[in-house]
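These notes are about the structure you will find just below.
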Amino acid sequence: MSEQFEQIAQQLTPEIYQNMRRAVELGRWPDGRKVTEAQRETCLQAIIAWEAVHVPEEERTGYLPPKTKNKAADYEQPVSLRGAGENEDA
0 MSEQFEQIAQ QLTPEIYQNM RRAVELGRWP DGRKVTEAQR ETCLQAIIAW EAVHVPEEER
60 TGYLPPKTKN KAADYEQPVS LRGAGENEDA
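Residues in the sequence shown are numbered consecutively from 0, following numbering that gives the first Met the number 0.
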């Protein structure tokens, strides 16, 4: 993304940002026209650039929280092996 594009994207109003986001989500502009693939790509770039400045990281488009390690997985867990034909009630 060019520096000039990022500067322009950061100057978008919240209303324009919301319209772009809605257009990407629905595939249509507010007036009903279909969003082209090129428009979708440009809007996504603008949305990401705007969010980088105005939205907390955990609320941004595409955010995935870091995986947390399961504390229970740190301990050994017993495994019960049963052969074919053994009584499961035993």
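Glycine residues also receive a C-beta, built at the ideal position from the N, C-alpha and C atoms.
None of the values given here were measured: they were computed from a predicted structure.
- Message: Less than 8 Å between the C-beta atoms of residue 57 and residue 64, yes or no?
- Response: In this structure, residue 57 sits near residue 64, with a CB-CB distance shorter than 8 Å.
- Which partner residues of residue 33 appear in the DSSP bridge assignment? DSSP lists 27 as partners of residue 33.
- Message: Given this structure, state the Cα-to-Cα distance separating residue 33 from residue 27, to the nearest angstrom.
- Response: Those two C-alpha atoms are separated by around 4 Å.
- Item | Pick from 79, 75, 17, 82 that is closest to residue 50, judged by C-alpha positions | That would be 17, whose Cα lies nearest to the Cα of residue 50.
- Query: So, are the CB atoms of residue 23 and residue 47 less than 8 Å apart?
  - Reply: Not in contact: residue 23 and residue 47 (Cβ atoms no closer than 8 Å).
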